[in-house]
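Quick note: to get the numbering used here, add 10 to the position in the sequence shown (first position is 1).
For every residue, glycine included, the Cβ atom is placed at its ideal position computed from N, Cα and C.
Remember, predicted model here, so these are calculated numbers, not experimental data.
Worksheet: the structure to be examined is printed underneath.
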Amino acid sequence: MKKLFLLLLTLLTAWALSTLFIGEKTQSTINSYIKQADKQSKELYDVSIKLISYDKSFLSANAEIEIDIIDPTIRKDIVEFIKLPIKSNLTIIHGPLFFNDGLNIGLAKVSDTIPLSDFIADKHKYEFFKYVNDDIAITSNTKFEFNGNFHNKGIINNIRVNGDDLSLKVSPTIMTVNGNLDSKSINYKSSISIEDITLNTPDNYFNIKEIKFNSNINELFGGFYPLGDSLLKMQEITLRTSETNIPPISLSVSIDSKASKEDNKLLDERKVNISLINHKQIDASIPIDSINITQNFSGFLEEDARSLWNLISVSSTMKVDTLNSELSKWFNTFLSRNSLVYGLKVSTDKNNKHTGNMDLMLSYIGQQYTGSDLEQTFLNFKENRLDLLNADLQLSVHKDWLNTLDQTSLDVANSTLSDLVTQKLIKESPLDYSINASYKSRKAVVNDEDFSEDLANILNN
Numbered sequence: 011m012k013k014l015f016l017l018l019l020t021l022l023t024a025w026a027l028s029t030l031f032i033g034e035k036t037q038s039t040i041n042s043y044i045k046q047a048d049k050q051s052k053e054l055y056d057v058s059i060k061l062i063s064y065d066k067s068f069l070s071a072n073a074e075i076e077i078d079i080i081d082p083t084i085r086k087d088i089v090e091f092i093k094l095p096i097k098s099n100l101t102i103i104h105g106p107l108f109f110n111d112g113l114n115i116g117l118a119k120v121s122d123t124i125p126l127s128d129f130i131a132d133k134h135k136y137e138f139f140k141y142v143n144d145d146i147a148i149t150s151n152t153k154f155e156f157n158g159n160f161h162n163k164g165i166i167n168n169i170r171v172n173g174d175d176l177s178l179k180v181s182p183t184i185m186t187v188n189g190n191l192d193s194k195s196i197n198y199k200s201s202i203s204i205e206d207i208t209l210n211t212p213d214n215y216f217n218i219k220e221i222k223f224n225s226n227i228n229e230l231f232g233g234f235y236p237l238g239d240s241l242l243k244m245q246e247i248t249l250r251t252s253e254t255n256i257p258p259i260s261l262s263v264s265i266d267s268k269a270s271k272e273d274n275k276l277l278d279e280r281k282v283n284i285s286l287i288n289h290k291q292i293d294a295s296i297p298i299d300s301i302n303i304t305q306n307f308s309g310f311l312e313e314d315a316r317s318l319w320n321l322i323s324v325s326s327t328m329k330v331d332t333l334n335s336e337l338s339k340w341f342n343t344f345l346s347r348n349s350l351v352y353g354l355k356v357s358t359d360k361n362n363k364h365t366g367n368m369d370l371m372l373s374y375i376g377q378q379y380t381g382s383d384l385e386q387t388f389l390n391f392k393e394n395r396l397d398l399l400n401a402d403l404q405l406s407v408h409k410d411w412l413n414t415l416d417q418t419s420l421d422v423a424n425s426t427l428s429d430l431v432t433q434k435l436i437k438e439s440p441l442d443y444s445i446n447a448s449y450k451s452r453k454a455v456v457n458d459e460d461f462s463e464d465l466a467n468i469l470n471n
């Protein structure tokens, strides 16, 4: 019994000492977390976050933070509707042991709940509650671990708005952010999930089911543009109208984005898929049940991105003429140093077969024609307009698209297409019409035919 008593006493003493130590460490961790959030919010959004007070006891602590707009012009407009600064009271539970959600270990847990009405300026609260059925609670819970990792989960509860001519319902919005405070580089994983959004008006019904967004950010290009990957999915979007001749539309959407850098230049790619769920009910003759879009952009130097962001950051303190002058200088430098490439691919499909395709590539190559200032650069561009861009285009359209036209429109389309085929501007096959065009070094080629002189005459007139 004596050994058991000594063991329990030792464990309790160890727990008390570790809790006391963690209580001290927690305050510095919270300070570090808020300073990091303040730094990033100032750089990205011109918003400050301050720790106003920190009252500590043995097992827990209470802290107050303030969130405010820095730019006086923007703040003046916002404070008309939003009560600034926004104040939040944090409840902090010290580790190393937590019992409120099953036994687990960590440095600290921080939670706070803010009713949305606390943000609303007093003179607008009556109107707010006139349309919002119940106050909207915003809850945040953050767990800090010993290795510097943090895990945040925020929930915005049900939103129900009823106006004279509309009703809006939004199911709880769940947001998560995971990262590390000790890491020198930015590395955040975040997610947003909403099960249902419904908007009703007398003439229209709009609904989105299962919205999910996930992102993994590992760096900020130029100090503001996130590098990493993200995926947005909307499982089903439904739109109905009161018009009897317009069938309801139901579709799904996904957007897959990836951004990275190579040789200090931005590489950005975005893929969009739109699938018609009820395409058979809309119009069976339309040769499409899905659209795929891919965008690529590259060549933006990080040094120029950073200088632009620095300029934007101080723009609120500058006179309009000074700001315009600095932006002109920046843009002229941008045009003189960046080799930009933009790509766009669009394809339409039905029953897993292509019914249309476009592949466009544009390259900016006018750096050598930039002048000492932007005005001179534009004059040089005008004189050398044929030497600023390279371009490639492949386009094909299935003949099934003609079946969607009424007879009058079909006759006009057939006549126009026949003329273009005769002029060798498009090619005709048994299945589709197509164009293969390119422009490089003042040479314009369309379907293997040289149209350089024709293009030069058009651009020089």
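Comparing alpha carbon positions, the residue from N210, I298 and Y64 closest to N367 is I298.
Note that the C-beta distance between A118 and I96 is not below 8 Å. Membership of D65 in any alpha helix (DSSP H) is not indicated; the residue belongs instead to the beta strand (DSSP E) covering V57 to K66. Proximity of the stretch 428 to 439 to the stretch 359 to 366 falls short of the contact definition, fewer than three beta-carbon pairs being nearer than 8 Å. The stretch 317 to 330 makes no contact with the stretch 380 to 394: fewer than 3 CB pairs, one atom from each, lie closer than 8 Å. The continuous stretches of beta strand (DSSP E) do not include P82, which lies in the alpha helix (DSSP H) extending over residues P82 to I88.
Positions of the beta strand (DSSP E) runs, each at least 3 residues long and wholly inside the stretch 273 to 298, are given as 275 to 286 in order along the chain.
Excluding its 5 nearest sequence neighbours in each direction, L277 has C-beta neighbours in its own chain below 6 Å: S270 and S308, listed in chain order. Beta-bridge partners assigned by DSSP to V356: I303 and M368.
S203 and I184 do touch by the CB rule: their CB atoms are close to 5 Å apart, below 8 Å. Taking all protein chains in view, the Cβ of Y449 is crowded by 16 or more other Cβ atoms within 10 Å, so the residue is classified as buried. Remark: fewer than three beta-carbon pairs, one from each stretch, lie closer than 8 Å, so the stretch 417 to 424 and the stretch 389 to 408 are not flagged as touching.
By the criterion of a C-beta distance shorter than 7 Å, F341 is surrounded in its chain by L384, once the five residues flanking it on both sides are discounted. DSSP, read as helix, strand or coil, puts T327 in helix. In this structure, DSSP gives E155 a state outside helix and strand, which the three-state scheme calls coil. Listed in chain order, the non-local C-beta contacts of T211 below 7 Å within the same chain comprise D175 and L176, local neighbours out to five positions each way being set aside. DSSP places N226 within a strand segment (E or B) once states are collapsed to three. If the five residues before and after Q37 are omitted, its C-beta is found closer than 8 Å to the C-beta atoms of Y64, K66 and A71, all from its own chain and listed in chain order. Straight-line spacing of the CA atoms in L372 and L398 works out to 10 Å.
Excluding sequence positions up to five before and after V351, its CB lies within less than 6 Å of the CB of S308, G309 and S373, all in the same chain and listed in chain order. Under the three-state reduction of DSSP output, K219 falls in the strand class.
K339 and Q386 have their C-alpha atoms some 12 Å from each other. Within the same chain, and ignoring the five residues on either side of L242 in sequence, the residues whose Cβ sits closer than 6 Å to its Cβ are F223 and I265. The beta carbon of D145 is closer than 6 Å to those of P125 and S127 in its chain, skipping five residues each way along the sequence. V330 sits exposed, since fewer than 16 C-beta atoms from the chains shown fall within 10 Å of its C-beta. In this model, I88 and S462 are separated by some 55 Å (Cα to Cα).
Taking the Cα of H289 as reference, the smallest distance to any Cα among S300, R280, K281 and N283 is reached at S300. Here E246 really is in contact with S262; their C-beta atoms are around 6 Å apart, less than 8 Å. Residue range I169 to N172 is occupied by the beta strand (DSSP E) that includes I169.
Residue state for L465 is assigned as helix, using DSSP reduced to three classes.
In the structure shown, S451 falls within a coil segment according to DSSP collapsed to helix, strand and coil. Taking C-alpha positions only, I62 is separated from L333 by approximately 35 Å. Excluding sequence positions up to five before and after R452, its CB lies within less than 8 Å of the CB of L396, D397, S462 and A466, all in the same chain and listed in chain order. Between A423 and L412, the gap from beta carbon to beta carbon is short of 8 Å. Per the C-alpha coordinates, the member of K179, L191 and P182 positioned closest to N159 is L191.
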